[in-house]
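>
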Amino acid sequence: MSANEFAPGNTRTTPVTAGDIELAAQRISGAVRATPLEHSQRLSDVTGANVLLKREDLQSVRSYKIRGAFNFLASLDSDQRLAGVVTASAGNHAQGVAWSCRQLGIHGSIYVPENTPKQKRDRIRAFGGDFVDLMVTGENFDAAQDAALAHAADYDAAMVPPFDHPETIAGQGTIGVEILEQLGLSPDLVVIPVGGGGLLAGIASYLSENAPECKIVAVEPAGAASLTAASNEGHQVTLTHVDTFVDGASVKRIGDTPWASYQALAGNIDVRTVDEGAVCTEMLELYQTEGIIAEPAGALSTTIVKDLRIAPDANVVCILSGGNNDVSRYSEVIERSLVHKELKHYFLVNFPQEPGQLRRFLNEVLGPEDDITRFEYLKRNNRDTGTALVGIELGRAEDLGALKRRMDSSPLHCELIEPGTPAYTYLT
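FYI, our numbering numbers position 425 of the sequence shown as 425, with every residue one higher than the one before it.
1. Need the endpoints of the alpha helix (DSSP H) that I124 sits in, please.
2. Just grab the DSSP bridge partners of Y111 for me.
3. Mind listing, in chain order, the continuous alpha helix (DSSP H) runs of no fewer than 4 residues lying wholly within the segment 333–373?
4. Closer than 8 Å by C-beta to D326: which residues in its own chain qualify, once you throw out the five before and the five after it? Chain order, please.
5. Are the CB atoms of P161 and V136 nearer to each other than 9 Å?
6. Any contact of the segment 347–358 with the segment 309–327, i.e. 3+ C-beta pairs under 8 Å?
7. Let me check understanding here. Comparing Cα to Cα, which of D399, E364 and K341 lies closest to P419?
8. Among the candidates T302, R33, N92 and A25, whose CA atom is the shortest distance from the CA of V190?
9. For I372, which option in I392, R360 and T387 has the closest C-alpha, if you only look at C-alpha atoms?
10. Short check: CB of G68 to CB of A170, under 9 Å?
11. When you compare only the Cα positions, how much space is there between M407 and C414?
12. Using the beta-carbon count (16 or more within 10 Å), is N232 buried or exposed?
13. Using the Cα positions of L23 and A83, report the straight-line distance between them to the nearest angstrom.
14. List the DSSP bridge partners of A158.
15. Tell me the rounded alpha-carbon separation between E220 and T238.
16. Any chance you could list the alpha helix (DSSP H) runs of at least 4 consecutive residues sitting entirely within the segment 5–79, in chain order?
17. Can you name the residues that DSSP bridges to V217?
18. Given R33, which residues of its chain have a CB within under 6 Å of its CB, disregarding the five upstream and five downstream residues?
19. State the DSSP-derived secondary structure class of A3, mapped to helix, strand or coil.
20. For the segment 182–200 against the segment 250–262, do three or more pairs of beta-carbon atoms, one drawn from each stretch, fall closer than 8 Å, so that the two count as touching?
21. Which of the three DSSP states is assigned to F141 in this structure?
22. Tell me the rounded alpha-carbon separation between K306 and T47.
23. Would you kindly check if the distance between the Cβ of G108 and the Cβ of F131 is under 9 Å?
So this is what it looks like as structure tokens:
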């Protein structure tokens, strides 16, 4: 394969082969890190299996995306390298392309939308150095993508796709090569996160030829389940809405080539989804127990493995795909985890505007292990009552029933803000 076979407008979707992936492994050898396969005692205890983590968060750019980007660029001929490359991404793919441009001496233009955080812009510039021009344009990713495609057409530059290209997929598939080499035998199960599907297509294609008895679980966030939708309908589906919290896997439509790969291998792939709140809980457990900082997409595989029925002592590999998580997001991660575990709830409480009503709420409504974590109230002198927003963290999830009964018997009017409502979405 050569990259120019898959310029914008070309629709080749032939799945990659083990030979393609082995060639990619040769290309990236010595440049891209062979990441460790580490035993997880915590997950092994939970599942009864031998659970191993493939630590792609330890790559130079803290993500597996470096594999596909480097392989794509390394596959270019001399004329294509001279013309340069272009891509649109504000995430791990952009960093992988920037790093690869610098390593291979290829000029790259990376388009990001105007809302891209400064931290991400700075990391792209740092990885690419003088070999990368960062182009900030458009209000959203689609606008940045359009600008990148126009650049590719104007300058005959190769467009570097994040997942929907055989060379990108072959690069991601090199993880499968390493798993078999490091484990020394065929794993019983490999759990792979899914966004656009390139990682799944690469690893599953390699294992289907070299470890056909190995089962695959593909896992995607419930709020961006494009592969699940496609599998249910029998054809690719463009989601009308995605929850972008698991940003590394929030893709509206599974890629063409990954979809073709999935169709060829569907009999051996079990597609699952996980709630974003469960992902947050797992992110915290990874940090608190193993000391691993995982991004939301990076924790997808270790989230679902706890819910799978696995034979005792089976060898299970979870792909921990990335660790680019901004520390400022952890407050939201904690919040979503508490909500998922039903420990955090929000209420509207109607207080009479007279002395002692807050004390009444504390004494008569709040339980001994309940904690107020949020309280917003604005006194209005021209009204008899005022409504407060109250966030309450429970000591145990089962305490909610008793709290609601105390609220019902109180003269204070208390209303639970139900999950899924616009008001709840605004709060969380």
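Every residue gets a Cβ at the ideal spot worked out from N, C-alpha and C, and that includes glycine.
Judging by the given coordinates:
1. Looking at the DSSP string, the run of the alpha helix (DSSP H) that includes I124 is K118 to G128.
2. Paired residue(s): A88 and M135.
3. Runs found: 357–360.
4. Counting only Cβ-Cβ distances below 8 Å, and skipping sequence neighbours, we find P117 and Q119.
5. Not in contact: P161 and V136 (Cβ atoms no closer than 9 Å).
6. No, the segment 347–358 does not touch the segment 309–327.
7. Per the Cα distances, K341.
8. Among T302, R33, N92 and A25, the Cα nearest to that of V190 belongs to T302.
9. For I372, the closest C-alpha among the options I392, R360 and T387 is that of I392.
10. Yes; because the gap between Cβ atoms is below 9 Å, this pair is in contact.
11. Rounded to the nearest angstrom, the two C-alpha atoms are 6 Å apart.
12. That one is exposed.
13. Rounded to whole angstroms, L23 to A83 spans 24 Å at the Cα level.
14. Its beta-bridge partners are V85.
15. Rounded to whole angstroms, E220 and T238 show a C-alpha spacing of 15 Å.
16. DSSP runs (the alpha helix (DSSP H)) wholly in the segment 5–79: 18–28, 41–47 and 65–74.
17. V217 pairs with V191 and D270.
18. Only Q59 meet the Cβ criterion.
19. The predicted position of A3 is uncertain, since its pLDDT is 42 and thus under 50; a value taken from the coordinates is nonetheless stated next. Three-state result, A3: helix.
20. Yes, they touch.
21. Note: F141 maps to helix in three-state DSSP.
22. Rounded to whole angstroms, K306 and T47 show a C-alpha spacing of 6 Å.
23. Against a cut-off of 9 Å, the Cβ pair of G108 and F131 comes out as a contact.
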